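Asker: Residue numbering for the sequence shown follows full-length UniProt numbering, beginning at 1 and increasing consecutively. For each residue, glycine too, the CB sits at the ideal point set by N, CA and C. Treat the numbers as computed from the prediction; the structure is a model and nothing was measured. Shown below is the structure under consideration.
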Amino acid sequence: MVASSVVFRPPVVAAGAANRGAGRRRGASATAAAAWPVGRRGCYVGGRTLAAAVGTKGISLGVVGRRRHGGTGRGEVAASTAAAASSAGGLSSDGSDNEASASEVSRRRAKEVEDEVEADAASVDASYKADNIFAAIWKFVRPHTIRGTILGTTAIVTRCLLANPELFTLALVPRALLGLVALLCGNGYIVGINQIYDVDIDKVNKPFLPIAAGELSIPLAWAACGVFAALGAGIVFTNFGSLITKLYCLGLFLGTIYSVPPLRLKRSAVAAFLIIATVRGLLLNFGVHHATTAAIGLPFVWSPPILFITAFVTVFAVVISITKDLADIEGDKKFNIETFATRLGVKGVSYLGSGLLLANYAFAAGVAMYKAAWFNQPLMVGAHCLFAVFLVVKTRALETEGFTKAAVQRYYQNIWYLFYSEYLLLPFI
């Protein structure tokens, strides 16, 4: 879910050019420090306290922190010129040059912190501060991926049952729920093992993730991953037969070699997107469809809607795999992780991702027009044209905002909204 933004106007400490004496400068700095009391829990900015984000130079920055249970605060930042001048080394005899220089320094620093808070607010992740183990585990399983798994599974099962309504019985519901739990466990294991091995990178790129933020210890993270893997594999083995069990274990294996040394295939841009496309595109859609048809007593057959969604989502997963790294360039470069974003830059990957999705939407509309008997043609064509327009508008917004980190986060968030929308459409195409 998207965290709501809270606009809060913090106290602003301002001092005029008259505050040039050393004693009065100290007084201004003390007032600035007192103007923003940081409590026991600290003011949370990008996974750090406000003091850590701003530094110790006496610049008065009023940045709204994260609410305890709400999402991310989005702050208005005010910088004190006199305090900044003090941090820049004092004022000259007339004060004008150093005042102007210090004012510029304070404005730049304030803008950096404001951009960081805004970027976290736009993140697809749960970026609030977790205050208990359950909240930390929820952040650990990356809720936006959980939503994708739930929507995908539900849409495919619904599509199969709508095509064969006479075969539906209430006895199928417990088994379907067990299958969903198994998939969520697999999802949790894969994203969890990635966070364990990416903790140093996440401290740079995503400091609000629970291990990087110190909200979840590594031993507890390992325990959670072990429970997820064992529970998921056990459910599949006892309820869904050998083929689905093998596919499930293949997904766990691919998720492991993506993150874990010595292979750690995420270091290769091509290997990374192939793994994500295989797990999120092929294994999920094929596996759920196969398990559903088996449960209702039908032989496996590729129906046109399922064949379409498998191909479509596989391409979509490629887009997700290359755009997910747009906001992570700094940490990926620091730790020698090769991604398309580090190769092509933010602008290049944004255009590449949007281009691939537009081609995907053109394919969807084209196949509906070519095979009108297979699909609900007006819905297929109309919906995908609307999705394409939405994508173009959001890509233009990214350009207009100058490809800032916050704009990139919003762009990636919109990619996931389009992903969810495709599965919401599936039962009716």
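Could you check the C-alpha separation between Ala229 and Pro378 for me, to the nearest Å?
Answerer: Here the question's residue 229 lines up with position 229 in the sequence shown. Here the question's residue 378 lines up with position 378 in the sequence shown. Distance between the alpha carbons of Ala229 and Pro378 is about 42 Å.
Asker: Report yes if the C-beta distance between Gly251 and Gly186 is below 8 Å; otherwise report no.
Answerer: For the purposes of this step, residue 251 is taken as residue 251 along the sequence shown, with counting starting at 1. For the purposes of this step, residue 186 is taken as residue 186 along the sequence shown, with counting starting at 1. Cβ distance < 8 Å, so Gly251 and Gly186 count as in contact.
Asker: Please return the same chain residues whose Cβ sits closer than 7 Å to the Cβ of Lys206, not counting the five positions on each side in sequence.
Answerer: Residue mapping note: residue 206 aligns to position 206 of the sequence shown, counting from 1. Same-chain partners within the cutoff: Asp125 and Ala212.
Asker: Note down the Cα distance separating Thr314 from Val227, rounded to an integer number of angstroms.
Answerer: Stepping through the sequence shown from its first residue, residue 314 is reached at position 314. Stepping through the sequence shown from its first residue, residue 227 is reached at position 227. Using only the alpha carbons, I get a separation of about 28 Å.
Asker: From this set, Leu386, His290 and Val199, which residue's C-alpha is nearest Val260's C-alpha?
Answerer: Along the sequence shown, read from residue 1 onward, the residue named residue 260 stands at position 260. The residue with the shortest Cα to Cα distance from Val260 is Val199.
Asker: Considering just the uninterrupted stretch of the alpha helix (DSSP H) at Phe208, what are its terminal residues?
Answerer: The count along the sequence shown starts at 1 and reaches residue 208 at position 208. Segment: none, Phe208 is in no alpha helix (DSSP H) and carries neither H nor E.
Asker: Would you mind sorting Val319 into buried or exposed? The rule is 16 or more other CB atoms within 10 Å of its CB.
Answerer: By one-based count along the sequence shown, residue 319 stands at place 319. By the 10 Å Cβ count, Val319 comes out buried.
Asker: Comparing alpha-carbon positions, which option in Gly188, Phe286, Ser103 and Asn164 lies nearest Lys246?
Answerer: Here residue 246 refers to the residue found at position 246 of the sequence shown. Measuring from the Cα of Lys246, the nearest candidate turns out to be Phe286.
Asker: Near Tyr361, which residues of its chain fall below 7 Å by C-beta distance, leaving aside the five closest residues on each side in sequence?
Answerer: Here residue 361 refers to the residue found at position 361 of the sequence shown. Same-chain partners within the cutoff: His384, Phe387 and Ala388.
Asker: Let me check understanding here. Comparing Cα to Cα, which of Thr310, His290, Gly241 and Pro143 lies closest to residue 433?
Answerer: Any question about residue 433 goes unanswered here, given that the chain covers just 1 to 429.
Asker: Is it right to say Asp328 is buried, meaning 16 or more other beta carbons lie within 10 angstroms of its own, or is it exposed?
Answerer: If you number the sequence shown from 1, residue 328 lands on position 328. The residue in question, Asp328, is buried, as its Cβ has 16 or more Cβ neighbours within 10 Å.
Asker: So, Thr323 versus Tyr412, is the Cβ gap smaller than 8 Å?
Answerer: Translated into positions along the sequence shown, residue 323 becomes position 323. Translated into positions along the sequence shown, residue 412 becomes position 412. It is a contact, given that the beta carbons lie within the stated cut-off.
Asker: So, helix, strand or coil for Trp416, using DSSP?
Answerer: Your numbering for residue 416 matches position 416 in the sequence shown. It is helical.
Asker: In whole angstroms, what is the alpha-carbon distance linking Tyr128 and Phe208?
Answerer: Translated into positions along the sequence shown, residue 128 becomes position 128. Translated into positions along the sequence shown, residue 208 becomes position 208. Distance between the alpha carbons of Tyr128 and Phe208: 7 Å.
Asker: Using C-beta distances below 7 Å, list every residue in its chain close to Thr145, excluding the 5 sequence neighbours before and after it, in chain order.
Answerer: For this step, residue 145 is matched to residue 145 along the sequence shown. Asn187 and Val191, listed in sequence order.
Asker: Beta carbon of Leu172, beta carbon of Pro305: below 8 Å?
Answerer: Counting from one through the sequence shown, the residue named residue 172 turns up at place 172. Counting from one through the sequence shown, the residue named residue 305 turns up at place 305. For Leu172 and Pro305, no; Cβs fall outside 8 Å.
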